[in-house]
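In this note's numbering, the protein residues as written are -8 to 90. Heads up, the beta-carbon is just placed ideally off N, CA and C, and yes, glycines get one too. The block underneath contains the structure these notes are about, expressed in structure tokens.
Below, the structure is given as structure tokens:
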């Protein structure tokens, strides 16, 4: 199954609904900051469950209370709808935790 890469126009349109996300090194990117390491690690655990359910896994980096996430579809060679879908799910996860 071929996974289509989104065009720059499609990515720009998706980013209007994902204002906290940007493009970094050709990948969808967002940086998160939490109160402490436990909260950051708990967030990563919840994201890992989302990612596993979608069979689409992020590239990420954690230092203390910061988590950086990059999303790209390696099989497609760029950003695909899979990345947008996971970014939306991550944003919903944060919104539900805050509310």
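Backbone secondary structure at residue i - three-state DSSP
{"i": "residue 17", "result": "coil"}
{"i": "residue 68", "result": "coil"}
{"i": "residue -6", "result": "coil"}
{"i": "residue 79", "result": "helix"}
{"i": "residue 6", "result": "helix"}
{"i": "residue 44", "result": "helix"}
{"i": "residue 32", "result": "helix"}
{"i": "residue 88", "result": "helix"}
8 Å Cβ cutoff met for residue i and residue j
{"i": "residue 23", "j": "residue 58", "result": "yes"}
{"i": "residue 75", "j": "residue 5", "result": "yes"}
{"i": "residue 37", "j": "residue 56", "result": "no"}
{"i": "residue 9", "j": "residue 73", "result": "no"}
Contact set for residue i: own chain, Cβ-Cβ below 8 Å, skip 5 residues either direction
{"i": "residue 77", "result": "41, 42, 45, 47, 49, 62"}
Alpha-carbon to alpha-carbon, residue j and residue i
{"i": "residue 29", "j": "residue 17", "result": "30 Å"}
{"i": "residue 54", "j": "residue 34", "result": "13 Å"}
{"i": "residue 2", "j": "residue 14", "result": "9 Å"}
{"i": "residue -1", "j": "residue 88", "result": "31 Å"}
{"i": "residue 71", "j": "residue -3", "result": "5 Å"}
{"i": "residue 7", "j": "residue 64", "result": "20 Å"}
{"i": "residue 82", "j": "residue 52", "result": "17 Å"}
Beta-ladder partner(s) of residue i, from DSSP
{"i": "residue 61", "result": "20, 50"}
Contacting residues, own chain, Cβ-Cβ under 7 Å from residue i (five flanking each side not counted)
{"i": "residue 68", "result": "-4"}
Nonlocal neighbours in the same chain, by C-beta distance under 6 Å from residue i, ignoring five residues either side
{"i": "residue 32", "result": "none"}
{"i": "residue -6", "result": "64, 66, 67, 71"}
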